[in-house]
Structure formats: C-alpha cells, structure tokens
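Numbering (my numbering), first residue to last: 173 to 633.
Heads up, the thing below is written out as structure tokens.
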Amino acid sequence: MTNGTENSRENGGEFTRTEGHEPDAERTFAALPPAHGRGFAGTWWGQAWLKALEDTALDGQQLKKGRRMAREGAVGAVSVRPGRITAVVRDRDGTAQRSDVLLQRLGAEEWDRFLDMAVDRAGHIAALLDREMPPHLLEDAADVGIELLPGIGDLEPECACEAWDHCPHSAALCYQVARLLDQDPFVLLLMRGRSERGLLDELQVRSVARAARSRQDDGEAADGGAAPEGPAGVSAVAAFAAGGLLPPPPAPPGPPAGPGQPPSLDTEAAPPEGIDADALEFLAADAAARALRLLAEALAPDPHAAPWEEELTPRQDGVRLAAASGGERFAARLASGTGRPRAELDLAVRAWRYGGAAALAVLEDERTPEPEELARAGAALDAAWEGGDRPGLRAVGRGRWTVPGAGVQLRYGADGRWWPYRKEGSRWAPAGPADHDPAAAFADALGSGDAPPPGSEAPAG
C-alpha cells in the first residue's frame, strides 16, 4: 500500500483518499479474560484465521503451548493496525515478550476493486455492520482478485524471543485475535489496510457519486424524449450515504423496571400428557429474568465491564433453577434431573445461594490443589491470626482444614478465597459466603450455620 494522497474519479464524481493517515487506523483491544473451556473461534472466518496459523506453523507443540497460554489469559492488550498485530505475552514465570504478527496489506488498486464491488452489493456492507462476514462477500472479493482471509504462510511472526517460526507467544496472539475476529470482522479489514470509519467514508463518497451520475443519466434520457421506465426512487446505497444529513437518532430506552410476565398456561384445556404446565411457566419466568439481566448489562455505560461467566453444565443449571424456584414445587424433579439425592440437592442449593457456581464447585469438587496452591493457603493461614490466637486447624486433604471438636471447616477455593463450613450431623454444609481472609471465614463458620432464607436471590451464573 502506498502513502500519500490519491485522487480518483468515479462516474463523473471526484473523491480524495489519503492513505496511512486515518485517525482511527489503529485500534487497541483490552486483554480478554481467560477462555477456560471455550473454543477460540466460533465463526467460520475465525476458524479460517486459525487454519492459516495451524497450516503455517512447522512445530505443532509450539502451537499447543500458545493455545494454552492464550486460554490462561497470558496475552495482554492487542494493538491492531494495517499490516500488523501486536501484544505483550507473558510466560508462566512472568517474563514478558513483545510479539507481532504481520499480514500483507492490500494495495491501492486492490482496495479500489474491493470498494467498487462493495458499492454494487450494499448487502455486504450491511452484513459487516452487523458484525457478520457472509461467505459470498469473500467469494465476490475473490472474483475481483482480492483475498481477504490469510492463507498458508500469510501470517508472519516477529517475536522478542527471536524464534524464527511461530513461537508460543505469536501463536497465543493469533489465538486471541481469533476471538476478536469473532466479535468484529472489521478487525480483519483493518489488518488489510482500512479502518471501519475510513472504509465507510470511502463507500459513502463513491455511492453518492454513483447516485449523482445515475440522476444525470436519467435527466439526459428524459431530455432526449425517452420515457422513464418507472419511478427512479432512491437506492439503499444512496440512502445510507445521506445518513450524515439526518438528525441523530434518539437515545436508546433503558431496560424495563422488571421482567415481563409470561403467558398463563392455566386454561380450560388440559395440557398434553407428560407436559407440566407449572414447570413451563417457571422456566418462562426464569428466562425473562435472565434476559432482563443481559439487557441491562448490554445497555450499561461499559457493557464489557460485566464479569465473564462460564457456561453452566446441565447439572449446575439444575441447581441454579432449584435455588431460583425457592420451594418444593420442582425439587424432586430437579434432584432426579441433576443425578443427586434430595438431601444433596438441598446442600447444593445452599451453596449456590452463597456463591453461585464457584460455591457449588467448592462443595462438590474433588480436585487436589497443586503444591503451590497449598503453600499459598498455608501462608495465608499463618498470617491470618495474631500471636497464639490461631485455632488448632488440621489439614484433611484437598485444601480443607478442620478444627477438631468444633465442627468447623475451612475450604480453599480455586480462586484463592476461603469458604466456611459447619458439621451438620454426618455431613459438612456451607455456612456462609467466601472471604479472602481465612479468619473472617472462620468467624462466619462459628457464628452461623444457617442457610440463606429460601427464595433469596441466587448469584448470577
């Protein structure tokens, strides 16, 4: 791609393009949260990006290491600009490496062909504005000699670790960028040389020039005595191009005060055999409440500030539903559906109300913490009490410590928080929410063994 200013004429109209000086020709994306249990590409174009990486790299083990690093959140903020993506990637020992991946930018003539094609097919731009990349856009671009997605050898790595092939750092960067591409295909167009704003501005100028030329041709035909075939109207491209002349749209409405009421299924006609109308009404009300929460998060000033939520398994979601129902109506059915005896479901519901999926994992998780985790937990216990105030805690395995004779237990969660438990008969039961201070969690376990009141709001999950 060349720098400088280039003037072109399109169907009688003139536009001026300045390359390499767009004010938004670089975008920086904040570091994404870890991707535990999630794929890196859910869209076909994101998967095509990863295929180019995996077909190019010579060492599959380096890719595996990079995929693990990206999954663990080792990739920092990602900078995207024409021809290059950049991020700082941290090794497990904390060492930071700047890693870049280069992608060939389209030249001026290639962009001219792409823009002409896009003006002719306004549906392509509408799809991009919806953050979609339809396959026929790639096919039409290929027809005019433009390859938007990278192929084998197109992703060229540069890393401070001085590896000559794709190293774990550049691989981790590419895996993270696949997630960005899923969210916004304009990221790919920026790598190829055009920002979203610059691309839309050029399309607007070209579409206006084309519409003006069309009106001029219609006028010449009318002067020559040729009858118009029908009303000229305004093309969708021209209407879009005139968008800057219209007043700004009103601010979006805020979320409603509460979830909508689902339709009542209590009718004179009996439901079909095997259909529980009460259960359906409950599920509809639950779906409405969750939809309201998602809408409120989307309309928040910073919609990305909402905590990242892992997708629940059916077994976990059954506990969430039991906690939300707040009674006996569906308890037996949910206990059967989640594969738990009724008493175990009651414990799981109590844990859920204290801390959602994280608390449920502490109740049921049989994992053995790594030695490093146990060392951190022991240090936290040593520092939590002054002098000789520390109770006589005895380790019982799997990150658990009990006080013999007191019926109190502390459990160390995977997130570094402490969960209080009390002995109820022959079982250990959750006794309160988590705390980063083991002494505070211990006080909760001593002070209250009661579950939250039935029907209390369950944490989001």
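Glycine is no exception: its CB is placed at the ideal position from the N, C-alpha and C atoms.
The structure displayed is predicted, hence computed values, not measured ones.
With a contact defined as Cβ atoms closer than 8 Å, V491 and L532 qualify at about 6 Å. In this structure, R243 lies near A207, with their beta-carbon atoms less than 8 Å apart.
Nearest C-alpha to R465 among L452, P431, I324: P431. In this structure Q269 touches C331 by the C-beta definition: roughly 6 Å separates them, less than 8 Å. Taking a C-beta distance under 8 Å as the contact criterion, A343 and G238 qualify as a contact pair. A259: member of the beta strand (DSSP E) spanning 256-262, first to last residue.
G569 carries a strand assignment under DSSP once its states are collapsed to helix, strand and coil.
In terms of Cα proximity to P473, the closest of L455, P425, A496 is P425. Look at the beta carbons and you see the region 600-614 touching the region 572-587: at least three pairs across the two are nearer than 8 Å. DSSP links T574 through a beta bridge to R566, Q581.
The beta carbon of R514 lies closer than 6 Å to those of A507 in the same chain, with the five residues before and after it left out. The straight-line gap separating the alpha-carbon atoms of L321 and D489 is approximately 38 Å.
The beta carbon of L327 sits closer than 7 Å to those of A224, L225, T228, V273, L275, C346, all from its chain and outside the five residues before and after it, given in chain order. The beta carbon of Y526 is closer than 6 Å to those of P602, P605 in its chain, skipping five residues each way along the sequence.
Secondary structure note for E244: it is in no alpha helix (DSSP H), with a DSSP letter that is neither H nor E. Distance from the Cα of L371 is smallest, within the candidate group A383, V316, R285, for R285.
Taking C-beta separations shorter than 7 Å and ignoring five residues to either side along the sequence, the partners of P434 in its chain run E453, A456, A457, A460, following chain order.
In this structure, the beta-carbon distance from A299 to P306 falls below 8 Å. Per DSSP, D607 lies in no alpha helix (DSSP H) and is assigned neither H nor E. If you keep only unbroken alpha helix (DSSP H) runs of at least 4 residues inside the region 502-557, you get 503-509, 514-536, 543-556. The residue among P421, P329, G550, G218 with its C-alpha nearest the C-alpha of R572 is G550. S271 carries a strand assignment under DSSP once its states are collapsed to helix, strand and coil. A Cβ-Cβ separation of about 33 Å leaves R303 out of contact with D231 under the 8 Å criterion. Close CB contacts of C333 within its chain, under the 7 Å cut and outside five residues either way in sequence, are with Q269, C339, H341 (chain order). Per DSSP, the unbroken beta strand (DSSP E) holding T200 starts and ends at 199-201. Judged by DSSP secondary structure, C346 falls within the alpha helix (DSSP H) whose first and last residues are 340-355.
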